[in-house]
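These notes concern the structure reproduced below.
In the working numbering, the protein residues as written are 151 to 302.
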């Protein structure tokens with residue numbers, strides 16, 4: 151590595167640590183939750199808003215992005231209120247003992263809790279008896295929470 155590469159690397163490193171994007175660099179090994187959507191916006195807007203790298207929180211190893219500093223502060227004050235059910239996995243999938251990726255655009259708030267589903271057709275199945283599916287998923291989640299999706 152020549153001197154100009156070392157200098158460029160040092161400048162880039164300094165720039166990253168001087169910006170909010172440093173949180174993303176520090177969280178390079180964590181997962182981005184809910185496809186990068188702002189968890190607070192599900193509760194306070196008519197539709198979910200994409201987050202951005204300026205407002206970032208890492209909670210239990212998962213990186214969450216927010217659309218504003220206010221939403222980040224709201225989440226930081228009470229994360230449990232905003233975290234998606236079942237770690238963001240498809241609610242219907244969990245009810246049948248599986249972990250399918252939840253689509254952040256296929257969602258519903260039920261009793262103040264965010265539930266994602268795989269797609270609209272799966273959400274239609276889930277919607278036929280939401281209380282039953284939530285009760286079943288809650289029981290299943292205790293069994294599959296720590297399982298690799300490929301093993302289910």
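Where is the CB? At the ideal position from N, CA and C, for every residue including glycine.
Residue i versus residue j: straight-line alpha-carbon distance, rounded
| i | j | result |
| --- | --- | --- |
| residue 209 | residue 292 | 20 Å |
| residue 160 | residue 300 | For residue 160, the predicted structure reports a pLDDT of 37, less than 50, and the residue's modelled location is therefore unreliable. The matter cannot be settled from this model. |
| residue 256 | residue 234 | 12 Å |
| residue 186 | residue 281 | 28 Å |
| residue 261 | residue 230 | 14 Å |
| residue 168 | residue 198 | Any reading at residue 168 is ruled out, since the residue's pLDDT is 39, under 50, leaving its predicted position unreliable. |
| residue 269 | residue 244 | 14 Å |
| residue 223 | residue 298 | 32 Å |
| residue 194 | residue 278 | 25 Å |
| residue 271 | residue 296 | 27 Å |
| residue 196 | residue 227 | 22 Å |
Counted within 10 angstroms of its Cβ, other Cβ atoms place residue i as buried (16 or more) or exposed
| i | result |
| --- | --- |
| residue 259 | exposed |
| residue 289 | exposed |
| residue 238 | buried |
| residue 201 | buried |
Beta-bridge pairing of residue i - partner residues as DSSP gives them
| i | result |
| --- | --- |
| residue 274 | The partner list for residue 274 (beta bridge, DSSP) is empty, contrary to what the question assumes. |
| residue 187 | 200 |
| residue 209 | 212 |
| residue 267 | 253 |
| residue 181 | 212 |
Close beta carbons around residue i, own chain, < 7 Å, minus the five adjacent residues each side
| i | result |
| --- | --- |
| residue 225 | 189, 190, 207, 214, 216 and 232 |
| residue 218 | 205 |
| residue 254 | 184, 185, 187, 198 and 266 |
| residue 192 | 198, 257, 259 and 264 |
Close Cβ partners of residue i (< 6 Å) along its chain, the five nearest in sequence each way excluded
| i | result |
| --- | --- |
| residue 221 | 188 and 190 |
| residue 163 | Any reading at residue 163 must be qualified, since the residue scores a pLDDT of 40, below 50, and its modelled position is unreliable; the value itself is stated next. No residues qualify anywhere along the chain. |
| residue 273 | 256 and 267 |
Spatial neighbours of residue i in its chain, beta-carbon cut-off 8 Å, leaving aside the 5 residues before and after
| i | result |
| --- | --- |
| residue 241 | 235, 252, 265, 266, 267, 276, 283, 284 and 287 |
| residue 302 | 247, 248, 249 and 294 |
Contained alpha helix (DSSP H) runs [length at least 4] in the region 220-258, N- to C-terminal order: 229-232 and 241-245
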